[in-house]
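This report concerns only the one structure given below.
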Amino acid sequence: MDKISLEAAPLLGGASLELSGNRIVERDDLAIVSIATPLGGEEALAEALRNGWSLDVPKPTRSSLSGEVRAVRTAPDQMMLIFPHATPDAEAVVQERLGGTGYTTDQTDGWIVLEVAGPDTLSAMERICPLDLPSFEIGDTGRTVMEHMGAMTVRTGDDAFLLLSASSSAASFLHAVETSYRYVT
Amino acid sequence: MIINHPLLGPRDAAEFVVLGDACLIDRPDGMNSASEEMHDYAYVRDNPAGEHRELWYHEQGDRSWLVVTRSTLTHDVIKVELARDVARARGRSR
Amino acid sequence: MRYSALRILKEGLTGNRGWQPVWREPEPKPEYDIVIIGGGGHGLSTAYYLAKEFGERSVAVLEKGWLGSGNIGRNTTIIRSNYLLEGNQPFYEFSLKLWEGLEQDFNYNAMVSQRGILNLCHSDPQRDAFVRRGNAMRLSGADAMVLGPDEIRRMCPYLDHENARFPITGALWQPRGGTVRHDAVAWGYARGADQRGVDIIQNCEVTGIDIKDGRCLGVETAKGPIKAKKVAMCAAGSSSRVAALAGMRLPIESHVLQAFVSEGLKPVLPGVITFGAGHFYVSQSDKGGLVFGGDIDGYNTYAQRGNLPVVEDVCEGGMAIMPMIGRARLLRMWGGVMDMSMDGSPFIDKTHVEGLYLNAGWCYGGFKATPASGYCYAHLLATGQPHETARSFRLDRFRQGAMIDEKGVGAQPNLH
Amino acid sequence: MTQAMRIDGGMVDRSRTLSFSWNGRWMTGYHGDTLASALLANGERLVGRSFKYHRPRGIFTSGSEEPNALVQLREGAAQEPNTRATTIELFEGLNATSQNHRGTLAFDLMAANDLLSPFLSAGFYYKTFMWPKAFWEKLYEPLIRASAGLGRLPMQPDPDVYDHGFLHCDLLVIGAGPAGLSAALAAARSGLRVILADEDFVPGGRLNAETHEVDEQSGADWAAAVTAELAGNGNVRLMTRTTVYGAFDHGIYGALERRTDHLADAEDRPRQVLWRIYSRRALLAAGATERSIAFGNNDRPGIMLAGAVRAYVNRFGVAPGRNIAVFTNNDDGLRTAEDLSGKGIGISAVVDTRQGNTVVDTIGRGGIRAIRLGDGRRVEADCLAVSGGWSPNVHLTCHHRGRPVWNADVVGFVPGGELPPGMSVAGAANGTMSLAAAIREGHGAAVGIAEDLGAERPPGTPAKAADESFAAAPFWQVTGLRKRAWVDLQNDVTTKDIRQSHQEGFRSVEHLKRYTTLGMATDQGRTANVLGLALMAESAGKSIEETGTTIFRPPYTPVAIGAFAGRARGKHFRPHRLTPSHKWAEENGADFMEAGMWLRAQWFKRPGEKGWRDSVDREASRVRKSVGICDVTTLGKIDIQGRDAAEFLNRVYANAFLKLPIGKVRYGLMLREDGICYDDGTTARLSESHFVMTTTTANAVLVFRNLEFARQCLWPDLDVHLISTTDGWAQFAVAGPNSRALLSKVVDDLDLSNDAFPFMACAECSVFGGTPARLFRISFSGELAYEIAVPARYGDSMIRALMKAGEEFDAVPYGTEALGVLRIEKGHVAGNEITGQTTARMLGLGGMLSRSKDAIGLKLSGREAMNEDDGMRLAGFRPVDRSVILTAGAHFLNPGDPADMAHDQGWMTSVAYSPELGTSVGLGFLKRGTDRIGETIRAYSPVRDQDVLVEVCSPHHVDPDGVRQRG
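Residue numbers (my numbering), protein chains in the order written: chain A, 21 to 205; chain B, -12 to 81; chain C, 107 to 522; chain D, 132 to 1098.
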């Protein structure tokens, strides 16, 4: 038998759409690792985060950014690190810097990440997102439900957001986002 | 409805799942309680017409369980707490 | 006054001046043999059968508002007996049989309309469950058929057979299911009970239940104390509040079920259709409105109103299964407060207080049960023994572990 | 160019002529017209038929309260029944037809009902149609049904799209009339985020219909100027064609925006958008609705509310008649007469009840020709403008079940004390009837709200207008009539019906409504309710306060069901979840099934296979003989970490988990607190503090929720953390005697021998030269089997690689059907058995329940009715005649017993054709089933026309000793 090796495939084939000056791009270059805070270990984890990435533990509803590494608060005792990373060893990379101060789980494959940007973005998002996105500061984040799908959003610019949703329904999620743009442009 | 999440601020109730009376926190120890006690815990409710403390789960949010004090007559939300804090305050630990 | 076509003719020719009040407006007497708390459908039917079938002559129904203002006045009018479990099925079949002879029995046209009820399914396990249920219905003497996709397509060509997210793979069909003009049920029972001497006392809220030495002696009301040999609680939606007057806590939570009606349309749907996967059920009233609903809102409430997520969820289900209703307009939405019990099934039982009885916990199935609930409650009140079809509706069944849980979701009322 | 009734002035754009079709005839109108104004301009007076008596009816109002002029709009699948002509904005090519008649509109055969009206009084149907019994459903009801209803639904899918949306604001102003505009302006100037919504396509409300002046310009010009300022303010969202239809909890309002209804072609954009508006405050400025007076034959075409007459004259430049009479109980009558004479329209009479004058009858067949006065005089008139006073539009104040209160000064119900929290009311909706006062009240309300919310005080003062007189004297009905007088025009409720209702004891307002159908029509009695209540009060000899009122429910005006549904339709009703091997499965002939949100491959059809059974038999056989591969990604996966993770698991599983060794998997049973089984699965221990749990596909979300409940609410100080990894791992079952051989080619550097990696072992490893993976030796088929998981991004590559590696074993992919066959053959329980109604003991798993610990559900699992010795037990079944195919859902009966519920012995839960055994096999629950192996009983399935004898056997049809899976 020929030597077989497995190849990673982006969920949406690396989708990149342009809709009347707005863009929807699948970010398949990002790794996502969740970090849970051990009971009573808040300080140690915060320090490891500072030392490892110069990151503060983000407040609820906020994300913090250091270089290309973004920490997003997802639960009272959990956050996610999102950063460019190609190989399937992101958890190990994170854990190495954490040194056991947090419980890590690789979430890269659990999420579809879409980057949306353009002048009609807020109009498009108000069709599917119940959060008050116009009031979001850059870096604000929220998790909610869009068109029956759990979704997380981070404001990354005046008219740009990262949108995350479950990877198994990536196609449905893209359809929802794309339809919103089509309806408002 | 809007649930004013203690950490996240006001959120549409559609993000939550409701379980019921917050007395479900007070689970008797199965080894050291009478069957009657477990029966009442599982089945009997005050079901008040007025202020009701109840458990809401932020399933489409930060997955916190909350104790929401709400009027069953007007739906006014009077107080929202993290259920974990309430559980600890009621003496639950490990 | 007996109603008939001849009477209509006579009155029509004389300016409709001779119609008599359908019920009296009596003041309460100081004492009755049986006092029923709650002038909704079940309370009125209980009074009717107590008088008619069990010869009780001293019965009062106390209603805090106007008679028929309970869930009999705010439901989606469906009757059926398509239950699965041994504790339920014979009772609901008994009820359906009473519906079938009701109008002639109480001389009032409640428009019992057996147009059939179709429960759609979308997977093999669901179809297996329907086969089991259909067989259980047949074993109890009810009618049931399991239909395949082609039969459903012929019967309901307007359903979304082509583009559905959940393709229809089959259905449980009960031809004898249908709908009834709900208010007329209350009025017919009230009229029948009143004619047989039952005092129906409106605007008479019960404010206390007199209990001494474990025995119920009567009630306190807005119109003064009333003594009674037996007091029958029958106030679904408010059961916990009424039972609290007797110091009881019940295995019940109060929840709101919303219902909806569209503007009047020429006939569209022949019978009742339920789309479980989409939380949607619908029928069309004789006046032409599509009457539809779905799941309960899910939070405890005594407010007779609901919120938007369920409204949207229900309409999504409707559009998914019958996309031709998109341009029909929703005319009104309303909410009924339900006694949601811990296993989704009701109670018709004595309580620990002698002379105090409970009829409660109907979840959102109370309307179809109206005749049998009244009959069986009357049986219990008059004879002291449960009616054979209502033996399982015991208040202590959770202590025994004898739940009657049709949905299999356990002690969580908002899931039933 | 006819438009014979068109007059000068108004806000229509005469440079834009629009053609439209009414009952097949083409006419013209102008941009800015409604269908109603265009019909009136063309002299059309008869536009519809009433519900019950099929009386001829004309346009009665100029707004959304219209009871009569309901039409069928557009054609084909886009037909929209019951659409109010008074709200349809005219567009080029509009096509509308009248409804609810047999024959033509002018000669409706059903009009015979009107002759029978003495016999069709309130509630007549409750008193007859009962004999003979069988006739109700066969004859009477179909007749009633066919004649009831108004418009027709096209029985085709709605061709338009709809959307939802979410908006947030500080202040929602409902209604852009004088009070609303004034409020929005003040709030905008104070810097609040404002949404101003109005159902009309031009803001201004009554300002556009009247001849009032505001700030020394015409009211309409002032409205336009304010609108322009608001439109230029970035904090303001001005939403015309938007009806706020409901007030929900905590400041949430529902609004319907009609985006393309006024266009000939929607160009695939949503027809309507249903907004959920989150507001901190709301101001209801919804104005008031005029009502009629009950007098003889007050329903003929040409009889119109006085305010509507002014709207058609002033706003639309249309004369509703050439010779108009006015009948009024308030100052509106005089105002109408002034406006009409200003336009040079003839006025034949002004009949004011305050001067003791009345109209007792009207004359004319298809429309009014003359009126008869109380003194017997006949006055010619082709239009009668009626005003019985104005009712504040309090509807939204009632949506939280608040009750309006009677205000004798305005002769109407005004908002009661209990408003939805955050709502205030201004202008006519609040009973503030004069223009100047409404503007001041709107402004004042906004200033107060701005202050409340901590915004700055807006500059400027409210606009100035004259405080015109508003004097009304209650006058409800002309008494001593010989002719019928209508109260509810659409539902044909007359004053006699209301009297009869009282006579028969239907005396509470709710009984009145339900018995007579007053206010139950599509207009929710907007022009009728107050009149009806007043008449009821008169019948009862009570005041209106004592009689009370019914309350209003959402929606304010009817909303298309399609709009409530939004986009969630057809394939997009709910999201699809796809497995990592979905694409590959599509390429390989898979047939998919719905499993919750998931699509799963049921079987893979190969060339030459005729039916699904061929495919499934082949797949199941290949697994038993060699090896098969199945995507099991849909199983819920939960990462559980923490110092107390083992302790935690031990409390949520009914069986012991505390001492599960690292590198091992254990089957676990989960109970609800009521002791009933609700899920099963496996949990693997990867390290001291790290476990991976699997759940069933169906219960993944529920189990996660319950675990979070246990973690946060029951044992908040256990160090345990949960995260769902269901989507993150592509997981494949590799099952069959050759599975080890196959995986040996796949897994890097792991000894898979039985000793090194025995049954129920697990390991983190890598595959195909370095891709990280997890391997579990678990079996759902009874064969030697594994589940191998790789990060989902490799799922597609992995299935292809596995199939390639399996070629030498003739490995097959297998779907959920074969999976079912294998598990039924092996006697493994699944969803058909774990129904949420079954106990561990019933499932044959009673021995797993730990007696030495507390875990959820253990205590209540011991209750007596759940532990009866003659209870249901899981057993296996085979047909005595081996060629019979069994039916799931069949009930069991002892041979010779009657087929009734009293003799029910249980039911068949799952069946499959076993290629291994060459016969149909089943699982099921049978009373004392475990003790009855070898018995023959009946499997009775009347709904499947089946009644067969089956043999009771062990549920483990294949390899009962479990040799294969351990081999």
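Note that beta-carbon positions come from the ideal geometry of N, C-alpha and C, so glycine has one too.
For residue i, three-class secondary structure by DSSP
i, result
"Cys896/D", "strand"
"Phe182/D", "coil"
"Phe601/D", "coil"
"Ser313/D", "helix"
"Trp293/C", "helix"
"Cys340/C", "coil"
"Phe398/C", "strand"
"Gly1077/D", "The sequence given here has Gln at residue 1077/D, not Gly. DSSP places Gln1077/D in strand when its eight states are reduced to three."
"Gln230/D", "coil"
Residue environment, residue i, which counts as buried when at least 16 other CB atoms sit within 10 Å
i, result
"Thr326/D", "The sequence shown places Ile at residue 326/D, not Thr. Flag for Ile326/D reads buried."
"Gln230/D", "buried"
"Thr658/D", "buried"
"Trp734/D", "buried"
"Asn19/B", "exposed"
"Ser897/D", "buried"
"Arg145/D", "exposed"
Closer than 8 Å at the beta carbon, the chain D residues around residue i
i, result
"Ala171/A", "In chain order: nothing, as chain D lies at least about 11 Å away."
Cβ of residue i within 8 Å of any chain D Cβ
i, result
"His39/B", "no"
Partners in chain C for residue i, counting only beta-carbon separations shorter than 8 Å
i, result
"Val31/B", "Arg355, Leu356, Pro357"
"Met25/B", "The premise fails here: Met25/B is roughly 11 Å from chain C at the closest Cβ pair, so nothing lies under 8 Å."
is_contact[residue i, chain B] using C-beta, thresh 8 Å
i, result
"Pro80/A", "yes"
"Asp380/D", "yes"
"Ala342/C", "no"
Residue i at chain C interface by Cβ criterion, 8 Å
i, result
"Lys795/D", "no"
"His45/B", "no"
Cross-chain neighbours of residue i in chain A, by beta carbon under 9 Å
i, result
"Ser51/B", "Ala95, Pro96"
"Asp113/B", "Residue 113/B lies beyond the range of chain B shown here (-12 to 81); nothing can be said about it."
Contacts that residue i makes with chain D (C-beta to C-beta distance below 7 Å)
i, result
"Ala36/B", "Here the premise fails: no neighbours, minimum Cβ distance about 14 Å."
"Val214/C", "It is Tyr, not Val, that sits at residue 214/C in the sequence shown. Correct list: Tyr257."
"Gly514/C", "Thr966, Gly967, Gln968"
"Val374/C", "Leu284"
Chain-ordered chain B contacts of residue i [CB-CB under 7 Å]
i, result
"Thr407/C", "Thr59, His62"
Residues that residue i contacts on chain D, provided the C-beta gap is smaller than 9 Å
i, result
"Leu224/C", "Result: empty, since nearest Cβ-Cβ is about 14 Å, beyond 9 Å."
"Arg186/C", "What Arg186/C touches in chain D: nothing, since even the nearest Cβ is about 16 Å away."
Interface flag, residue i vs chain A, CB-CB below 8 Å
i, result
"Gly693/D", "no"
Contact list for residue i against chain A, beta-carbon separation under 7 Å
i, result
"Asp294/D", "Arg147, Tyr203"
Partners in chain B for residue i, counting only beta-carbon separations shorter than 8 Å
i, result
"Ser360/C", "Asn34, Ala36, Thr59"
Proximal residues of chain C, C-beta to C-beta of residue i below 9 Å
i, result
"Val5/B", "Asp403, Gly404, Tyr405, Asn406, Asn520"
Residues of the region 908 to 936 of chain D in Cβ contact with chain A at a cutoff of 9 Å, in chain order, please. Val921, Pro922, Ala923, Arg924, Tyr925, Gly926, Asp927, Ser928, Met929, Arg931, Ala932, Lys935, Ala936
Near-chain C residues of the region 241 to 274 of chain D - C-beta to any C-beta below 7 Å: Pro249, Phe250, Ser252, Phe255, Tyr256, Tyr257, Lys258, Thr259, Phe260, Met261, Lys264, Glu268, Glu272
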